[in-house]
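Student: Let me give you the structure first, and then I'll get to my questions.
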Amino acid sequence: MRRYFRFTSTSIALLVMLSYVSQVGAQTWGQFRGDSGLGVSSSQDLPVKWSDDSVAWSVALPGQGNSSPAVNSVGVYVTSQTKDMGLHVLAFSSVDGKPLWSKKVGEGLLAAKGPANLYAHRHNAATPSPIVDDSNVWAFFGSGLLVCLDAKSGALKWEVDMVQEYGAYDITFGMGSTPRLVDDKLIVSCMTKGASYVVALQAKNGELVWKHDRRFPAKDDGPDAYSTPTIVKVNGQQQLIITGCDHINAYAPDTGDQLWYSSGLQIASPYGRVIASPVANSGVVVGTSANPGGGGLGHIMAWKLGGKGNVRDSAVLWRHAKSTPDSSTPVALNGMLFTLADNGVATCLDIKTGDVKWVKRLATGTSYASLVAGGGNIYAMGINGTAVVFKADETGAVVATNKLEGQFYSTPALVGDKIFLRAYEKLVAIKK
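When you line the sequence shown up against this note's numbering, it's residues 64 to 495, in that order.
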């Protein structure tokens, strides 16, 4: 089902603001792990060490969720699910945390097939992260509801029931992938044992631009993916990279044409889903398989960018299978790949060769949040609120270990001189 709520000059404002956002990346963090999904901020003025005195503000959130904050020049945005199944989008001032608006956009539960005791304490319909520019905020929920709101007022512009429109989910732990805004298109990837596809929707109205079925041979939980699309540039052209269902695929965002693909992400486990998203640097793209329970079954694969068609035999550069993440998306920076296993073991590899430069256990404890980087440092967030900041170089020297109260499953947003951290039931801004 698709519903529209039309505003005058919406499409013009959208194009203007998209252009504006691209020029002020250090002051915005409009999507999960930034606009491209690579998790690297251009800000050079970020906090490194913090304590209670460094908290610019902290606000309690109605309900719970693990969506990462999205930030524009207007404010900071998160989603939440309340006990009455209400699905909410909330906006706060990035300066002082004062509420700008709150909108209940619907009701629904996480579409999950697995036992609730495996995920209900850390995952609900408000796990996917919102997307924002200075005119619009898009929010996708694990129930299948996708909405577009006015970023300044919270007024509803359009909504799509993705389940009703494109098919029911059959996924063990529930839909958790976040869409990716690419120019004027909203890319939604859905990889489950039921509906499995990638679609591009017009960001201004939710109309379908293109759709690809995305079903490949994979065993047990192998078809399930919780990863988010990433955008990389290859020879000056944007490529949409998606991992899941044993495969990595590259598409042209404008047309949906498949540019290249490879199998190889499936692991020898009935729990072989994909959670972490792909990353790229120095002409190499990296995909991460599951590593259920940290049992050593997972692996990381690297492909040389620039190929066409099936590149399984021509572009695979290396594999690494020790202390790999299950949930956390790595950071690729300066020719290096930095990973964080769920047990807090960090690894630095040469992204072109896979050679290990260092391995060390961080004080994060258990960590599911993805790594992010800025100002020459990498930020690793533990569930227990311990954040370790270490150098994004061949030393990996720990710069600071910080602590906040709360449960932190979501990935930080790095913007200007602030870090925005979302705990399960609160939103915190750290100032330099």
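We put the CB at the ideal spot given by N, CA and C, even for glycine.
Hey, could you find the ends of the alpha helix (DSSP H) M148 is sitting in?
Tutor: Counting along the chain, M148 falls outside any alpha helix (DSSP H), and DSSP gives it neither H nor E.
Student: Just confirm the distance between the C-beta atoms of N312 and A395, as a whole number of angstroms; I'd bet it's less than 8 Å.
Tutor: Not a contact, Cβ separation roughly 18 Å.
Student: For V87, which of helix, strand or coil comes out of DSSP?
Tutor: Here the model assigns V87 a pLDDT of 40, short of 50, so the residue's position is not dependable, and the following value carries that caveat. V87: coil per DSSP, three-state reduction.
Student: What residues are listed by DSSP as bridge partners for I194?
Tutor: Paired residues: W201.
Student: Distance, Cα to Cα, K494 vs S117?
Tutor: Going from the Cα of K494 to the Cα of S117 covers about 6 Å.
Student: Taking the alpha-carbon positions, what's the T318 to Q301 distance?
Tutor: Answer to the nearest angstrom: the Cα atoms are 11 Å apart.
Student: Give me, in chain order, the residues of the same chain whose beta-carbon lies closer than 8 Å to that of V43; leave out the 5 immediate sequence neighbours on both sides.
Tutor: Since the first and last residues shown for the chain are 64 and 495, residue 43 lies out of range.
Student: Among S252, G239, L209 and G356, which has the Cα closest to the Cα of D389?
Tutor: Among S252, G239, L209 and G356, the Cα nearest to that of D389 belongs to G356.
Student: To the nearest angstrom, report how far apart G257 and G149 are at their CA atoms.
Tutor: Approximately 25 Å between the Cα atoms of the pair.
Student: Could you compute how far the alpha carbon of K471 sits from the alpha carbon of Y182?
Tutor: With the sequence shown as reference, residue 471 is identified as Phe, and Lys is not the correct amino acid for it. Those two C-alpha atoms are separated by around 15 Å.
Student: Cutting at 8 Å between CB atoms, please list the residues of its own chain near K274, excluding the five before and the five after it.
Tutor: Counting only Cβ-Cβ distances below 8 Å, and skipping sequence neighbours, we find Y229, Y260, V261, V262, A263 and G319.
Student: Please tell me whether Y431 and P475 are closer than 8 Å, where the distance is taken between their beta carbons.
Tutor: Going by C-beta atoms, Y431 is not nearer than 8 Å to P475.
Student: Assign N344 to one of three DSSP states: helix, strand, or coil.
Tutor: N344 falls in the strand class under three-state DSSP.
Student: Would you report the Cα separation of D480 and A436, rounded to the nearest angstrom?
Tutor: Taking the straight line joining both Cα atoms gives about 13 Å.
Student: Does the Cβ-Cβ distance between S391 and S131 come in under 8 Å?
Tutor: For S391 and S131, no; Cβs fall outside 8 Å.
Student: Can you find the residues in the same chain that come closer than 7 Å, C-beta to C-beta, to A486, ignoring five residues on each side of it along the sequence?
Tutor: G469, Q470 and F471, listed in sequence order.
Student: Determine contact between the region 135–142 and the region 359–375, defined as no fewer than three beta-carbon pairs at a distance below 8 Å.
Tutor: No, the region 135–142 does not touch the region 359–375.
Student: Can you grab the Cα-Cα spacing for the pair S198 / A214, in whole Å?
Tutor: About 5 Å.
Student: Taking 7 Å as the cut-off, does the CB of A365 come closer than this to any heavy atom belonging to the ligand SAM?
Tutor: Absence of the ligand SAM from the depicted structure is noted, as is the absence of any ligand whatsoever, leaving it without description.
Student: For E457, which residues of its own chain have a beta-carbon under 8 Å away from its beta-carbon, when the five flanking residues on both sides are left out?
Tutor: Around E457: M399, C411, K420 and W421.
Student: From K248 to W323, what distance separates their C-alpha atoms?
Tutor: Going by the C-alpha atoms only, they are around 21 Å apart.
Student: For L78, name the three-state secondary structure that DSSP assigns.
Tutor: Residue placement at L78 is flagged as unreliable, the pLDDT there being 36, under the threshold of 50; the coordinate-derived value follows with that caveat. Three-state result, L78: helix.
Student: Would you tell me roughly how many angstroms separate the C-alpha atoms of S352 and S121, rounded to the nearest one?
Tutor: Approximately 35 Å, taken between the alpha carbons.
Student: Starting from V226, follow the alpha helix (DSSP H) in both directions and report where the run begins and ends.
Tutor: Segment M225 to Y229, the alpha helix (DSSP H) holding V226.
Student: Which residues in the same chain have their Cβ closer than 7 Å to the Cβ of S386, if we skip the five residues on either side of it in sequence?
Tutor: For S386, where only same-chain residues beyond five positions count, the Cβ hits under 7 Å are A404, V408, T410 and V422.
Student: When the Cα atoms are used, what is the spatial distance from V168 to V379?
Tutor: If I take the Cα positions, the gap works out to 44 Å.
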